[in-house]
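First to last, the protein sequences are chains A and B.
The first sequence begins at 1 in my numbering and counts up by one.
The second sequence begins at 786 in my numbering and counts up by one.
Beneath this line is the structure, given in structure tokens, with notes to follow.
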Amino acid sequence: MARVFGSSIKRREDPSLITGAGQYTDDLKLPNMAYAAIVRSPHAHARIRSIDTSKATALDGVTAVFTGEDIKKSGTPGVVPVGWLLPDMKIPPHPVLASETVRYVGDAVAVVLAEDRYRAQDAVDLVEVDYDPLAVVTNPAKTVEEGAPQLHAEAANNIAFDWELGDKTKTDEAFPKAAHVLKVNIRNNRLIPQAIEPRAALASYDDSKGQLTVWMTSQNPHIHRLLMSLASLGLPEHKIRVIAPEVGGGFGSKIHHYPDEVIACWCSMQLHRPVKWTATRTEANLTDTHGRDHVTEAEMALDENGRILGLRVKTYANMGAYLSTFGPLVPTYLHGTLLSGEYDIPAIYCNVIGTFTNTTPVDTVRGAGRPEATFIIERLMDLAAEELGLDPVEIRRRNFISPDAFPYQTQVALQYDSGNYGPALDRALEMVNYKNLRAEQERRRGEGGKLLGVGLSTYIEACGLAPSAVVGSLGAQAGQWESGEVRVHPTGTVTVYTGSSAHGQGHHTTFAQIVADRLGIDADNVEVIHGDTDQVPFGWGTYGSRSAAVGGSAIAVSADKVIEKGRQIAAHLLEASEEDVVFEEGKFFVRGAPDKSQTLNDIALQAHLAHNLPPGVEPGLSATSFYDPANFTFPFGTHIAVLEVDPETGEVKLLRYVAVDDVGNVINPMIVDGQIHGGIAHGIAQALWEEAIYDGNGQLLTGELLDYAVPKPHMLVSFELDRTVTPCPHNPLGVKGVGETGTIASPAAVVNAVVDALKSYGIKHLDMPLTPEKIWRAIHQSGRS
Amino acid sequence: MTHISVEVNGKTYERDVDPRLLLVHFLREELELTGTNIGCETSLCGACTIHMDGKTVKSCTQLAVQADGSSITTIEGLSTDGKLHPLQEAFWEKHGLQCGYCTPGMIMAACGLLEDNPDPSEQQIRHGLKGNLCRCTGYHNIVKAVQYAAELMRAGNPEGGK
């Protein structure tokens, strides 16, 4: 029988999604539902003199208009908290409705409730807010300068935290003795996540039971329930039910606890009727947490043979106007810890200053910190190769951590558990036919015309943050384990409850494969439930490429517990000792005597009838696990971008994109490849097109899809994928993570390729996105055009 | 209020609507056909793509009153007699969707594309779908799905085409 683990079975999610039957949050309606629309600040920084809601309230069809003062009067806390604490971090309060000062364009100041969404929007325009505009700062480095406008009384010089990692003295000592020192200044461009489904919430408060139910666009319903209870609403946790129905993509943006969803809940509690809020695209772009936005200075020291001696990184990381849920985590422990890349670097020091600016709060966007780190090191590797006259492949090989050096302790806290970087690089080079490409490049350089560029990114990712005790010691106000329940019904079919919460990743399919494989049953007999705090024991959710490695492992452990209990019962029924009973392909039998067997179905029925159970064994056949991994997992690989640059126009045309990834064992290759495709597209988009731009007044100039360049189909190519398999040594499935590899690897591969194409102009570095204008200007400013 | 009569997925609906009501809200809220999604309200994402009198249309920038007298097909009306349309089959088979939010619009747009060009090249598919955004798939498997659907339809799949 072919194993269901490792096979590309079609997704069971799809039939409802391809027919329009899938129910997303905004598809849901409840009787007597009111529509909420939020009044937002048009100023990036202003004091609120007054808010006049009278005209809006008087509009026919308007039920109520509330401001921050109303929330205060209600006694509800009405704030959103931060979920990651760094030493000495300044945490200014973040009220869900601002009543004194607004700090970014989009900051919520009032909410309108009306009988339909059009009327609600009409009333938004009638709320009169008198603002006293204040000076604005948007740049994460300039905000700390003397004379910059101050955002929060709590944070002097707009500094939220000043964090460091690594050995400064040892790193500083590496530089004076180095044969080569390379330096690069990088502005890692600010991104808007752009899940195609805007955020939404439908809240329904039942007064008679004191029970709140909220359907919302969430990657982690239990985290939202916890924060709603603990910080925002003051309702007991067991009286809140959060449900994530179909969720139309997240990319990190639906992890966080935002004001808007709290406002919808609070309004339902005030009005005693259901309230729905759905963001428009403009609102999504103004209020979904943004990503990246680093100003970085990085230096690498190398010896005469191209061996790295030290790496020094200083980064100003934009936190936006308030600290978002995991905002402080991203540029610190998801960024500084990745700076060793795939390389054996004896000394690393990283200093990150998180700063407040008059911009949308910044938090995770697919990759989150790790693309920024990978970009730094992979750009420096290319600069070093150029300086030393080495091929970019050669300098990487000289510095790779040797396959026999694992587990490898980096200088930036992580211990890589496994890895073998050479084969992935070899395979990628073979796929692109590297030698021929270089020859073709030389030929073209002689001819003039379009320039060929080849760019490598040999990357590592750390995902599935763990174990909980360690992430707690680093500041997490969350655990990073996952729950998984495997419940076998009397007829032998199975329902799985997982704390992971998919929004496109295909957990219904993949997790059924895990259980079917372990229990030796048909995957069609396994149902997977997620995204509902009343059904699932607990969950930390889906982000950080953790679902398979942590959520999947929890399920695998539970399936194994079911088998162990089944073995006890089977041994009793077969009148054998437990040690002699084996379990293969869904059957228990005495070793050597497969003819006389008990199927899992038989055992499930007996377990529930409980007419003849061994002494001390409880009825029922289900198991729940709370799986806390021993370590992160470390996917790695090599990505190569091949492209051409038109020196006349500065246009980049992507020709090929090759990715060889090692994500450990693969449960469903089709789904894994799909995750890699999406990640690559997202990263290429950061490299070439996407950027959130604020003007000097803090107005977001890219608030619409017209201005913010999410790639369209014709801008991309079909990707060429392969993989190596180095199983994760510490989880029961041997899986790592796959959701972010593409986004982590590809920006560096693309930018390295463009800079490679522009070599003859002496261009060393260009900041993303590499728009035709930027490239054209660089060519013309090079003096060699 | 303005009276309109619209045929949607083969059924005629008579309604009095606010003249400013968008067609997509008419479909989603009046007719409760929530398969057509809204991603941007400005015609840029294509999640709301439907067919109106045989043309591919973005329903977020049409008024319901403009649909008066027209015949509309939404994703809910694409399969016939419980059998999936080849494009639906192909998106499933080739993993052309992840979160599924852009999918109804993407399939409707692809349907229009294949009617105009039953045997498109990869580039023609990519250009033909550039009015529809997907954030999950990088379009890789969407292209494969449309190619596969075209094959199915050319092979004379009895349910091929509209």
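Each residue gets a CB set at the ideal place from its N, CA and C atoms; glycine is no exception.
For chain A, find out if any of its Cβ atoms is closer than 8 Å to the Cβ of residue i; answer yes or no.
| i | result |
| --- | --- |
| residue 853 (chain B) | no |
| residue 860 (chain B) | yes |
| residue 926 (chain B) | yes |
| residue 808 (chain B) | no |
| residue 873 (chain B) | yes |
| residue 945 (chain B) | With a pLDDT of only 43 at residue 945 (chain B), under 50, the local geometry of the prediction cannot be trusted, and the value read off the model is given with reservation. Not closer than 8 Å to any Cβ of chain A, the Cβ of residue 945 (chain B) fails to qualify, so no. |
| residue 937 (chain B) | no |
| residue 887 (chain B) | yes |
| residue 923 (chain B) | yes |
| residue 914 (chain B) | yes |
| residue 897 (chain B) | no |
| residue 906 (chain B) | no |
| residue 801 (chain B) | no |
Could you give the first and the last residue of the continuous beta strand (DSSP E) run that contains residue i?
| i | result |
| --- | --- |
| residue 735 (chain A) | Looking at the DSSP string, residue 735 (chain A) is not in any beta strand (DSSP E), and its letter there is neither H nor E. |
| residue 891 (chain B) | Premise fails: residue 891 (chain B) lies in the alpha helix (DSSP H), 888–901, not in any beta strand (DSSP E). |
| residue 489 (chain A) | Segment: none, residue 489 (chain A) is in no beta strand (DSSP E) and carries neither H nor E. |
| residue 598 (chain A) | 593–599 |
| residue 453 (chain A) | 451–460 |
| residue 202 (chain A) | 200–206 |
| residue 211 (chain A) | 211–216 |
Counting contacts by CB-CB distance shorter than 8 Å, is residue i in contact with chain B?
| i | result |
| --- | --- |
| residue 507 (chain A) | no |
| residue 719 (chain A) | yes |
| residue 36 (chain A) | no |
| residue 777 (chain A) | no |
| residue 14 (chain A) | yes |
| residue 568 (chain A) | no |
| residue 90 (chain A) | no |
| residue 713 (chain A) | yes |
| residue 439 (chain A) | no |
List the residues of chain B whose Cβ lies closer than 7 Å to the Cβ of residue i, in chain order.
| i | result |
| --- | --- |
| residue 459 (chain A) | Ordered by position in chain B, no residue passes the 7 Å Cβ test against residue 459 (chain A), which lies about 17 Å from the chain. |
| residue 793 (chain A) | Outside the shown range of chain A, which is 1 to 785, sits residue 793 (chain A), and nothing can be said about it. |
| residue 251 (chain A) | 920 |
| residue 280 (chain A) | 826 |
| residue 27 (chain A) | 819 |
Name, please, each residue of chain A whose Cβ falls closer than 8 Å to the Cβ of residue i.
| i | result |
| --- | --- |
| residue 892 (chain B) | 18 |
If the cut is a Cβ gap below 9 Å, which residues of chain B does residue i touch?
| i | result |
| --- | --- |
| residue 287 (chain A) | Simply none; closest approach about 15 Å. |
| residue 10 (chain A) | 877, 878 and 880 |
| residue 425 (chain A) | The contacting residues do not exist; residue 425 (chain A) stays about 23 Å from chain B at best. |
Using a threshold of 8 Å, state whether the C-beta atoms of residue i and residue j are closer than that.
| i | j | result |
| --- | --- | --- |
| residue 96 (chain A) | residue 41 (chain A) | no |
| residue 334 (chain A) | residue 384 (chain A) | no |
| residue 375 (chain A) | residue 747 (chain A) | yes |
| residue 800 (chain B) | residue 814 (chain B) | no |
| residue 530 (chain A) | residue 483 (chain A) | no |
| residue 106 (chain A) | residue 286 (chain A) | yes |
| residue 453 (chain A) | residue 753 (chain A) | yes |
| residue 325 (chain A) | residue 82 (chain A) | yes |
| residue 668 (chain A) | residue 18 (chain A) | no |
| residue 295 (chain A) | residue 348 (chain A) | no |
| residue 832 (chain B) | residue 876 (chain B) | no |
| residue 498 (chain A) | residue 563 (chain A) | no |
| residue 744 (chain A) | residue 428 (chain A) | no |
Starting from residue i and walking both ways along the alpha helix (DSSP H), at which residues does that stretch end?
| i | result |
| --- | --- |
| residue 877 (chain B) | 871–878 |
| residue 17 (chain A) | 14–18 |
| residue 677 (chain A) | 669–688 |
| residue 939 (chain B) | 925–939 |
| residue 395 (chain A) | 392–399 |
Mind pulling the chain A residues with CB within less than 9 Å of residue i?
| i | result |
| --- | --- |
| residue 932 (chain B) | Correct list: empty, because the minimum Cβ distance to chain A is about 10 Å. |
What in chain B is Cβ-close to residue i, meaning under 8 Å?
| i | result |
| --- | --- |
| residue 432 (chain A) | Ordered by position in chain B, no residue passes the 8 Å Cβ test against residue 432 (chain A), which lies about 17 Å from the chain. |
Kindly list, in the order they appear in chain A, the residues whose Cβ is closer than 7 Å to that of residue i.
| i | result |
| --- | --- |
| residue 900 (chain B) | Residues of chain A passing the Cβ test: none, with the nearest at roughly 18 Å. |
* In chain order, what residues of the segment 657–682 of chain A put their CB closer than 9 Å to some CB of chain B? -> 670, 671, 673, 674, 675, 676, 677, 678, 679, 680, 681 and 682
Name the residues in the segment 348–376 of chain A whose C-beta lies less than 7 Å from a C-beta of chain B; which are they? none
Identify each residue in the segment 220–244 of chain A for which the Cβ-Cβ distance to at least one residue of chain B is less than 8 Å, and report them in chain order. none
Members of the segment 480–511 of chain A near chain B, C-beta cut-off 9 Å: 502, 503, 504, 505 and 506
Please name the residues in the segment 823–855 of chain B whose beta-carbon is closer than 8 Å to at least one beta-carbon of chain A, in chain order. Of all residues in the segment 823–855 of chain B, 823, 824, 825, 826, 827, 829, 830 and 832 have a Cβ within less than 8 Å of some Cβ in chain A.
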